[in-house]
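Numbering (my numbering), first residue to last: 69 to 266.
Just so it is clear, CB atoms sit at the ideal spot from N, CA and C, and this is done for glycine as well.
Below: one structure, written as structure tokens.
Written as structure tokens, this is what we have:
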């Protein structure tokens with residue numbers, strides 16, 4: 069009887085040894101989460117700085133030149149505002165239903181599958197986001213360099229060099245930690261939001 073008990077004990081011990089790493093791994097995966105370091109003021113400043121972006125400096129003259137009527141331009145702006153509000157409602161609903169980190173990727177992953185989610189994040193990382201960053205940097209560089217050339221348009225090469233330098237500086241700041249870009253965003257939002265409204 070004793071050998072059988074020993075055999076059963078060894079089988080139970082080997083089974084526990086097999087299950088123990090899985091339990092430990094499961095506990096580690098459950099504890100693995102993003103650290104919340106952005107407060108209410110930082111989140112509001114970040115969202116305000118994102119929503120009230122540099123497009124307000126670039127698009128009005130193009131829209132007015134294309135349409136040719138101030139009233140029609142205001143109608144276009146109002147229609148786009150309604151569209152953005154509806155899109156924000158969709159994001160708010162998805163955020164309350166799918167409570168996971170990942171933003172658009174996790175939403176598409178849970179609703180459309182991994183292939184569509186991969187295509188979204190691939191196109192976003194390699195095409196959409198870099199194009200947006202380049203456009204914002206070029207517009208910023210255009211406004212920074214313009215006062216030094218009051219009589220003529222600034223050189224294109226100089227504008228591109230300033231834009232590239234701005235992108236490198238901001239990328240370095242973002243690589244340091246969470247607080248540095250958040251501090252810059254809060255400070256720039258407090259200084260430039262007034263000028264945007266004017």
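>> Could you give the first and the last residue of the continuous alpha helix (DSSP H) run that contains residue 148?
In response: 138–165
> To the nearest whole angstrom, what separates the beta carbons of residue 213 and residue 226, a pair I think is in contact under 8 Å?
Replying inline: 6 Å
> Going straight from the alpha carbon of residue 150 to that of residue 127, what length do you get?
Replying inline: 17 Å
> Helix, strand or coil: how does DSSP classify residue 220 here?
Replying inline: coil
> Would you call residue 186 buried or exposed, if buried means 16 or more other Cβ atoms sit within 10 Å of its Cβ?
Replying inline: exposed
> Are the beta-carbon atoms belonging to residue 231 and residue 208 less than 9 Å from one another?
Replying inline: yes
> Hey, how far is the Cα of residue 152 from the Cα of residue 184?
Replying inline: 23 Å
>> With distance defined between alpha-carbon atoms, name the residue in 206, 165, 173 nearest to residue 191.
In response: Closest in alpha carbon position to residue 191, among 206, 165, 173, is 173.
>> Measuring alpha carbon to alpha carbon, tell me which residue in 217, 141, 119 is nearest residue 156.
In response: 119
>> Using the three-state DSSP reduction, which class does residue 107 fall into: helix, strand or coil?
In response: coil
>> Quick check on DSSP: helix, strand or coil for residue 211?
In response: helix
>> If I follow the unbroken alpha helix (DSSP H) through residue 183, where does it start and stop?
In response: 182–191
> Where does residue 244 land, buried or exposed, given buried means 16+ other C-beta within 10 angstroms?
Replying inline: Classification of residue 244: exposed, given that the 10 Å Cβ count is below 16.
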